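Step one of this worksheet: look at the structure below.
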Amino acid sequence: MESKTYLLILILIFSFISCVNSNNVEMIYKDQIGDTSFNPNLDDPEFKFCDSTNVLHKRAYISYSGGKRALEKAIIKHYEFKPEYSGFNGYFIVRFAINCNNEPGRIRIQVLDSNFNQTNCSEVLMQHIQTIFKNLKNWNHAIYKGEDYDGYTFHVIKIDHGKIQST
Amino acid sequence: MRTLLILLTSSLFSYAQPNCYIYAENSQERKACELSYKAIQYPQGSKASQKLFDQAIAIAPEFAWAYYEKSVPYFKRGLLREGLDILNKAIKIDPKEYLCYRAYWYWQYKNYNLCIEDLETYYKLPKAYVQFTPGGDKDMRIILGLAYAKTNQYKKGIEIISNCIINYKSKDDIGLTDYHSLGILYVLDKQYSKAIATLKKQLTINEDMADTNYFLGIALKEKLNLVEAKKQFTKALSKYRETNRFININAGFKVYLLDIENEIAALSQIN
Numbered sequence: 000m001e002s003k004t005y006l007l008i009l010i011l012i013f014s015f016i017s018c019v020n021s022n023n024v025e026m027i028y029k030d031q032i033g034d035t036s037f038n039p040n041l042d043d044p045e046f047k048f049c050d051s052t053n054v055l056h057k058r059a060y061i062s063y064s065g066g067k068r069a070l071e072k073a074i075i076k077h078y079e080f081k082p083e084y085s086g087f088n089g090y091f092i093v094r095f096a097i098n099c100n101n102e103p104g105r106i107r108i109q110v111l112d113s114n115f116n117q118t119n120c121s122e123v124l125m126q127h128i129q130t131i132f133k134n135l136k137n138w139n140h141a142i143y144k145g146e147d148y149d150g151y152t153f154h155v156i157k158i159d160h161g162k163i164q165s166t
Numbered sequence: 000m001r002t003l004l005i006l007l008t009s010s011l012f013s014y015a016q017p018n019c020y021i022y023a024e025n026s027q028e029r030k031a032c033e034l035s036y037k038a039i040q041y042p043q044g045s046k047a048s049q050k051l052f053d054q055a056i057a058i059a060p061e062f063a064w065a066y067y068e069k070s071v072p073y074f075k076r077g078l079l080r081e082g083l084d085i086l087n088k089a090i091k092i093d094p095k096e097y098l099c100y101r102a103y104w105y106w107q108y109k110n111y112n113l114c115i116e117d118l119e120t121y122y123k124l125p126k127a128y129v130q131f132t133p134g135g136d137k138d139m140r141i142i143l144g145l146a147y148a149k150t151n152q153y154k155k156g157i158e159i160i161s162n163c164i165i166n167y168k169s170k171d172d173i174g175l176t177d178y179h180s181l182g183i184l185y186v187l188d189k190q191y192s193k194a195i196a197t198l199k200k201q202l203t204i205n206e207d208m209a210d211t212n213y214f215l216g217i218a219l220k221e222k223l224n225l226v227e228a229k230k231q232f233t234k235a236l237s238k239y240r241e242t243n244r245f246i247n248i249n250a251g252f253k254v255y256l257l258d259i260e261n262e263i264a265a266l267s268q269i270n
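Chains as they are written, first to last, in numbering that gives the first Met the number 0: chain A, 0 to 166; chain B, 0 to 270.
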């Protein structure tokens, strides 16, 4: 009985502390908006930035051989439609980095509905998109003011009834 | 002159920056305004700038410009939802100033329906004024026309772009890519004679886009003028290969090297 009371008091104290904390949350700022740190659950440990202290946030300097259309074609080519995807209408905003060796990594996906509100899709579909981007070759890393850089970029995929649309 | 103006406007100021002196000295708005100016001295998206925008917003939550400026790097870096959440606050305070900016990002992120919705709302606002893409390359009415075309409403798009061009106050206001955009829509709507006339007009204003010759070639081909069509495709190819060729930033309908090469190959029998 006594130990239960202690436990209750402890729980109360902890919840009080966490309440206080949540009211005084220090805003955490990244060095740059869009910096994507390594997440062991999502990221390939083999993917490395050449200089992690200086990753460019200049999308225009990263290109795909053959341009956007070649990229769209490559994505559609690797996309395997499954009937279970057909309930999904919306957009995938795929953010990722291309390191100075032209390798993709740190892929993050925002799933939005047709009104650009946050939504969900099946985990399988999400994984599939992730895998497609992991395996895309033909990237050209950023060269800025004559120097090689790692850099971040993103790509928008529009899905209509589970099928990728050309935009 | 227009090119110079575009270069100046795009490098000197983005969406109308407020004059902090219009706010009373020691007012919350004046403080927020000054903090926001301080923020834009730091690299866009940097920690220092973000902190200053948040301070500005905390002091004057009704100061729209701070939200707008804060949202910019989110949009540029693929954090669309986060960007919208911030920008929407600016739009709520001052829709006339910021609706077009949201429409522009809807366009960039390929949601043409939302883009159309915002721009139609904007142009119905009392005293809506002429607004441009953030880079200054196009009047937002051209973007609206192109967005209609993206949703296969070519006639609506043609009407909007034609009206935009007619309603310019002076001929000098005609954009470097306006007739090009209109010409493409005529091609897509299969009005090839009008497409030819419009794209030729484009060439008198700015002849440096390979894409113009490509679409002109397509219209001529449809009119069975194959010799002229091939000439235009060949011109397109040589312009495409120029290192400093003119890039139509918000083209909407972009031409790739392969498109031009395919057309030339298909007309290989024509001299």
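All C-beta atoms, glycine included, are put in the ideal place defined by N, C-alpha and C.
Because the structure is a prediction, the values reported are computed rather than measured.
- Query: Below 8 Å, can you find three or more Cβ-Cβ pairs linking the region 150-159 of chain A to the region 54-74 of chain A?
  - Reply: Below 8 Å, enough C-beta pairs join the region 150-159 of chain A and the region 54-74 of chain A to call them touching: three or more.
- Message: Just to make sure I have the definition right: I need the residues of chain A whose C-beta is within less than 8 Å of the C-beta of B/ARG76. Which are they?
- Response: Those within 8 Å of B/ARG76 in chain A are ILE32, GLY33, HIS56, ARG58, ARG94, TYR151 and PHE153.
- Task: List the residues of chain B that A/GLN117 touches, going by C-beta distances under 9 Å, in chain order.
- Result: For a Cβ distance threshold of 9 Å, residue set ARG80 of chain B lies close to A/GLN117, ordered along the chain.
- Query: Which partner residues does A/ILE97 have in the DSSP bridge list?
  - Reply: DSSP links A/ILE97 through a beta bridge to A/PRO103 and A/GLY150.
- Query: Is the beta carbon of A/LEU124 sitting closer than 8 Å to the one on A/TYR84?
  - Reply: With respect to A/TYR84, A/LEU124 sits close: the two C-beta atoms are nearer than 8 Å.
- Query: Does the Cβ-Cβ distance between B/GLY251 and B/LEU145 come in under 8 Å?
  - Reply: Taking 8 Å as the cut-off, the Cβ atoms of B/GLY251 and B/LEU145 count as close.
- Message: Taking a contact to mean a Cβ-Cβ separation below 8 Å, would you say B/ILE204 touches B/LEU175 in this structure?
- Response: At the C-beta level, B/ILE204 and B/LEU175 come within 8 Å of one another.
- Task: Please list the residues of the region 21-48 of chain B that have a C-beta atom closer than 7 Å to any C-beta atom in chain A, keeping them in chain order.
- Result: Of all residues in the region 21-48 of chain B, only GLY44, SER45 and LYS46 come within less than 7 Å of chain A when Cβ atoms are compared, listed by chain position.
- Query: Looking at the structure shown, is A/ILE27 part of a helix, part of a strand, or coil, going by DSSP?
  - Reply: In the three-state DSSP reduction, A/ILE27 falls in the coil class, being neither helix nor strand.
- Task: Starting from B/ALA47, trace the alpha helix (DSSP H) both ways and give me its first and last residue.
- Result: Here the alpha helix (DSSP H) through B/ALA47 covers 46-58.
- Who are the Cβ neighbours of B/TYR147 in its own chain at under 7 Å, not counting the five residues just before and after it? Cβ contact annotation for B/TYR147 (same chain, cutoff 7 Å, sequence separation greater than five): ILE115, LYS155, GLY156 and ILE159, in chain order.
- Query: For a contact meaning CB atoms closer than 7 Å, what does A/LYS157 contact in chain B?
  - Reply: What A/LYS157 touches in chain B: LYS109.
- Item | For B/LYS189 and B/GLN268, the rounded distance between their alpha carbons | Cα to Cα, B/GLN268 sits roughly 25 Å from B/LYS189.
- Which residue's Cα is closest to the Cα of B/ASN247: B/ASP207, B/VAL186 and B/ALA57? For the residues B/ASP207, B/VAL186 and B/ALA57, the minimum Cα distance to B/ASN247 belongs to B/ASP207.
- Query: Thinking C-beta only, is B/LEU198 closer than 8 Å to B/PHE214?
  - Reply: Their beta carbons are under 8 Å apart, which means B/PHE214 touches B/LEU198 by this criterion.
- Query: Which residue from B/ASP117, B/ARG29, B/VAL254 and B/GLY77 puts its Cα closest to that of B/ALA59?
  - Reply: The shortest Cα separation from B/ALA59 among B/ASP117, B/ARG29, B/VAL254 and B/GLY77 belongs to B/ARG29.
- When you compare only the Cα positions, how much space is there between B/PHE232 and B/TYR108? A direct Cα-to-Cα measurement between B/PHE232 and B/TYR108 gives close to 30 Å.
- For A/SER133, go through chain B and note every residue whose CB falls closer than 9 Å to its CB, in chain order. The amino acid at residue 133 of chain A is misidentified as Ser; the sequence shows Lys. Within chain B, no residue comes near A/LYS133; the closest Cβ sits about 17 Å away, beyond 9 Å.
- Query: According to DSSP, is B/GLY135 helix, strand or coil?
  - Reply: Of the three classes helix, strand and coil, the one that applies to B/GLY135 here is coil, per DSSP.
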